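Enquirer: Final position of the sequence shown in numbering that gives the first Met the number 0 is 618; the numbers increase by one with none missing.
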Amino acid sequence: MNKLTRVIPLTASVTFLSQLALANQIEETVVVADRVGTAIESLAVSVNVMDRELINALGSATLPQLLRSQVGISTTQNGGIGAVSGIRVRGQDAFRTRVLIDGIDVSDPSSPQIAPRMEHILAGSLERIEILRGTQGLLWGADAGGVVALTSRRGNERPNINISAERGGYGFEAESVAVSTGSMSFGEVSAVLNQVEVDGFNALRGDTLLADNDGYDNDSYQLSYTTPEWDGWSATLSAREVDAEADYDSCGRFDENFSFISSNDCSDGYKNETQGMIVSHRGEGHSTELNASKSESDRAYYTDDIFQFALEGVNEQASLIHNRTLTESMDVTVGIDLSEQSYDDGFGTARSRDNDGMFINVRQTGETATLSAAIRSDDNEDFGRHTSWRLTTLTKMGFEGLAFKAAFGTGFRAPSPYEVGSNQSPFALPEARDNALREEQSQGWEVGLRGKQNSIAWELTYFDQEVSDAIIYSYNPALFAGGYIQVPGTSEFTGIEASAAFTISKGLTLEGFATDLSAKDATGNSLPYRPEVTAQISTRFSADKTQWLLLARYTGDRVDGFGTSLGEYTVLDASFRYTITDNLSVSVRAENLTDKGYSDIVGYRSAGRTLYLALHVSL
Numbered sequence: 000m001n002k003l004t005r006v007i008p009l010t011a012s013v014t015f016l017s018q019l020a021l022a023n024q025i026e027e028t029v030v031v032a033d034r035v036g037t038a039i040e041s042l043a044v045s046v047n048v049m050d051r052e053l054i055n056a057l058g059s060a061t062l063p064q065l066l067r068s069q070v071g072i073s074t075t076q077n078g079g080i081g082a083v084s085g086i087r088v089r090g091q092d093a094f095r096t097r098v099l100i101d102g103i104d105v106s107d108p109s110s111p112q113i114a115p116r117m118e119h120i121l122a123g124s125l126e127r128i129e130i131l132r133g134t135q136g137l138l139w140g141a142d143a144g145g146v147v148a149l150t151s152r153r154g155n156e157r158p159n160i161n162i163s164a165e166r167g168g169y170g171f172e173a174e175s176v177a178v179s180t181g182s183m184s185f186g187e188v189s190a191v192l193n194q195v196e197v198d199g200f201n202a203l204r205g206d207t208l209l210a211d212n213d214g215y216d217n218d219s220y221q222l223s224y225t226t227p228e229w230d231g232w233s234a235t236l237s238a239r240e241v242d243a244e245a246d247y248d249s250c251g252r253f254d255e256n257f258s259f260i261s262s263n264d265c266s267d268g269y270k271n272e273t274q275g276m277i278v279s280h281r282g283e284g285h286s287t288e289l290n291a292s293k294s295e296s297d298r299a300y301y302t303d304d305i306f307q308f309a310l311e312g313v314n315e316q317a318s319l320i321h322n323r324t325l326t327e328s329m330d331v332t333v334g335i336d337l338s339e340q341s342y343d344d345g346f347g348t349a350r351s352r353d354n355d356g357m358f359i360n361v362r363q364t365g366e367t368a369t370l371s372a373a374i375r376s377d378d379n380e381d382f383g384r385h386t387s388w389r390l391t392t393l394t395k396m397g398f399e400g401l402a403f404k405a406a407f408g409t410g411f412r413a414p415s416p417y418e419v420g421s422n423q424s425p426f427a428l429p430e431a432r433d434n435a436l437r438e439e440q441s442q443g444w445e446v447g448l449r450g451k452q453n454s455i456a457w458e459l460t461y462f463d464q465e466v467s468d469a470i471i472y473s474y475n476p477a478l479f480a481g482g483y484i485q486v487p488g489t490s491e492f493t494g495i496e497a498s499a500a501f502t503i504s505k506g507l508t509l510e511g512f513a514t515d516l517s518a519k520d521a522t523g524n525s526l527p528y529r530p531e532v533t534a535q536i537s538t539r540f541s542a543d544k545t546q547w548l549l550l551a552r553y554t555g556d557r558v559d560g561f562g563t564s565l566g567e568y569t570v571l572d573a574s575f576r577y578t579i580t581d582n583l584s585v586s587v588r589a590e591n592l593t594d595k596g597y598s599d600i601v602g603y604r605s606a607g608r609t610l611y612l613a614l615h616v617s618l
């Protein structure tokens, strides 16, 4: 059965459903596409938006759990809350997705391929999520195959305190406190404290001897101060810290005789600290923003409660962005990005690398069409200068509310300092040690239609993304050695995304999406853990005192890295919230309501039916 034949029924099935809140997003302004804030109806690229109301309705504890509810995104998780999670935007690996919190890149240079640790980002700390799908994120970096831009919780115009406490299955406990002074003469101060603790369950199916629960702890806080605006100028200072520890199975250590001992009593300590400063100025027809930040990540590993090793990664960044209106229909954005990535592996190896980037984006807006063209130049300390570019168009069709969109972009990803350093180890695979890594090259394009007629909003997109000379990790158990190797040829990711929204009546919507994906490596084999089909149907109701959500999420067939097939599954989630007084509300939610048994990763269990009860106080 060809791709089009598989997708047509899926597209038809969501015609009267929606991507959540799509109908209400038409007038929203987003920054993830061009870094300056643009109305979503004028964007040719594919963007998801999740606001605080939706985050509350879903009720998920961590970012990966939230993202799995969005079109074009698939997730894997080797256990319960806090377990290592993989996020794939249109089939791309997580390390090709740029993750930003308040504009700060929180990727970890000490982790393999600098993959961000999304499983440690708590949902209670987030106000808004913007997701750019596809290889058109070059304004954030030439290696951005997708962008997830997170906004921390902030206050509103008046002083307020929001307190939540939640309890649930598997020993789940969560507390959240958000405090804001509101807009005062001295500015605004906001603080958010989040804590999650869960006993968990025994995630590894083969762990029959120890049979321990894999628990998780996370203590997070964030602080911010925004100055009053003066003559168009303002500044924001922010600090954030995550301190987490996750238990997991399948690790090992060497004893005093250098014999390797396998164990399922393993733990991973993770700490991330960020500091940022943004100075901005807005005037008539122009705006300027200066951003400086630092993100430091520390990881420590234990086996049988015995310390094994620790790693440290640091991201330091600075950027200057200026946007100016040239004519009534044309504006230009120019920017400079400076960054330094460094890591210490704890065994005497420390590496660092600078990357300097410059970009320009020109946008022309007419009565029937919006065109944009962007070019970026990056100077990588180890791999030299590279140029990337992007073109987009959005054209209104002859029918009211109908528009055609198209985008094309290129990029490159230099081997990370960790990949290069790991291959230089005397314990690396000979193939990896003897062959120097080179850059990955990428390009991607998409075309689609979007429409809004009366109470229905919909979108249909075809995409094609290619990565040449992909870098993968290879391990040889016979040699007890691994390393990063280059795969000659081109990996290809193609697919169709369909989403729609139908407003039935005031406060009541039906929502859904479907994605059909083909993800192949350079040899034509299916890449692991990429489901061919993902789909979601949900209904949501909101009234003065009552809010509820019912959601069914479908994940199709996929394979692991060794050809083992994982079967399709459907999970049903639900939530209900009742406002008792203006200051007090309660909520109940259920994940995997039908207690479906399934695996995201071969050999690992997923959580069964889990119920949660929460109390919310607003002052």
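All C-beta atoms, glycine included, are put in the ideal place defined by N, C-alpha and C.
Being a predicted model, the structure only gives us computed values, none of them experimental.
#1: When DSSP labels each residue in this structure, what does Ile-80 get in the three-state scheme?
#2: Could you work out which residue in Ser-249, Ser-106, Gly-231, Glu-491 is closest to Gly-312 when comparing CA atoms only?
#3: Between which two residues does the beta strand (DSSP E) holding Gly-282 run?
#4: Closer than 6 Å by C-beta to Asp-353: which residues in its own chain qualify, once you throw out the five before and the five after it? Chain order, please.
#5: Inspect the beta-carbon positions of Glu-244 and Asp-213 and report whether they are closer than 9 Å.
#6: Spell out a yes or no on whether the region 275-282 and the region 242-257 are touching, meaning 3 or more CB-CB pairs, one atom from each, closer than 8 Å.
#7: Identify, in the order they occur along the chain, each residue of the same chain with its Cβ nearer than 7 Å to the Cβ of Arg-529, setting aside the five sequence neighbours on each side.
#8: If you reduce the DSSP assignment to three classes, tell me which class Arg-153 lands in.
#9: Inspect the beta-carbon positions of Leu-526 and Arg-552 and report whether they are closer than 9 Å.
#10: Ignoring anything shorter than 3 residues, give me the beta strand (DSSP E) runs that lie fully in the region 407-484, in order along the chain.
#11: Determine, using beta carbons only, whether Tyr-568 and Lys-595 come nearer to each other than 9 Å.
#12: Taking Cβ positions, are Ile-113 and Leu-66 nearer each other than 9 Å?
#13: Starting from Ala-56 and walking both ways along the alpha helix (DSSP H), at which residues does that stretch end?
#14: In whole angstroms, what is the alpha-carbon distance linking Glu-590 and Arg-239?
#15: On the three-state DSSP scale, how would you describe Ala-20?
#16: Residues bridged to Tyr-611 by DSSP?
#17: If Phe-171 sits next to Arg-604, beta carbons under 8 Å apart, how far is it from one beta carbon to the other, in whole angstroms?
#18: Apart from the five residues on each side of it in sequence, which residues of its chain come closer than 7 Å, Cβ to Cβ, to Phe-259?
#19: Check Pro-63 in the structure and name its three-state DSSP category.
#20: Could you tell me whether the region 146-154 touches the region 409-420, using the rule of 3 or more Cβ pairs below 8 Å?
#21: Using the rule of at least 16 other Cβ atoms within 10 Å of the residue's Cβ for burial, across every protein chain shown, is Trp-229 buried or exposed?
#22: Since Gln-69 is in the beta strand (DSSP E), which residue starts that stretch and which ends it?
#23: Let me confirm a value: Asn-631 is counted as buried when at least 16 other C-beta atoms fall within 10 Å, else exposed. Which label applies?
#24: What residue range is occupied by the uninterrupted beta strand (DSSP E) comprising Tyr-220?
#25: Does the beta-carbon of Gln-546 have 16 or more other beta-carbons within 10 angstroms, so that it is buried, or is it exposed?
#26: Going by beta carbon distance, what residues of the same chain come within less than 6 Å of Leu-222, once the five residues before and after it are set aside?
#27: Whole angstroms is fine: what's the gap from Asp-624's alpha carbon to Tyr-215's?
#28: Under 9 Å, do His-285 and Asn-314 count as touching if we go by C-beta distance?
#29: In angstroms, rounded to a whole number, what distance separates the CA positions of Phe-407 and Gly-481?
#30: Could you check the C-alpha separation between Val-331 and Arg-362 for me, to the nearest Å?
#31: As a quick exercise: from Ser-110, Arg-384, Lys-404, pick the residue whose alpha carbon is nearest that of Ser-371.
#32: Who are the Cβ neighbours of Ser-584 in its own chain at under 7 Å, not counting the five residues just before and after it?
#33: List the endpoints of the continuous beta strand (DSSP E) containing Gly-199.
#34: Checking the sheet assignment: what are the DSSP bridge partners for Ile-359?
#35: Quick check: the Cα distance between Asp-104 and Leu-289, rounded to an integer number of angstroms?
#36: Considering only residues of the same chain and omitting the five flanking positions on each side of Thr-593, which have a CB-CB separation below 6 Å?
Expert: Taking the coordinates as given:
#1: coil
#2: Ser-106
#3: 265-282
#4: Glu-339, Glu-380
#5: no
#6: no
#7: Ser-73, Arg-87, Gly-90, Leu-516, Ala-518, Arg-557
#8: coil
#9: no
#10: 439-452, 455-475
#11: yes
#12: no
#13: 51-57
#14: 29 Å
#15: Any reading at Ala-20 must be qualified, since the residue scores a pLDDT of 37, below 50, and its modelled position is unreliable; no value is offered.
#16: Gly-167, Arg-588
#17: About 16 Å separates the two Cβ atoms, so there is no contact after all.
#18: Gly-251, Phe-253
#19: helix
#20: no
#21: exposed
#22: Neither: Gln-69 is in no beta strand (DSSP E) and is coded neither H nor E.
#23: Nothing can be reported for residue 631, as the shown portion of the chain is limited to 0 through 618.
#24: 213-225
#25: buried
#26: Ala-190, Ala-238
#27: Since the displayed the chain opens at 0 and closes at 618, residue 624 lies outside it and no answer follows.
#28: no
#29: 36 Å
#30: 6 Å
#31: Lys-404
#32: Arg-576, Tyr-577, Thr-578, His-615
#33: 187-200
#34: Val-333, Ile-374
#35: 15 Å
#36: Leu-571
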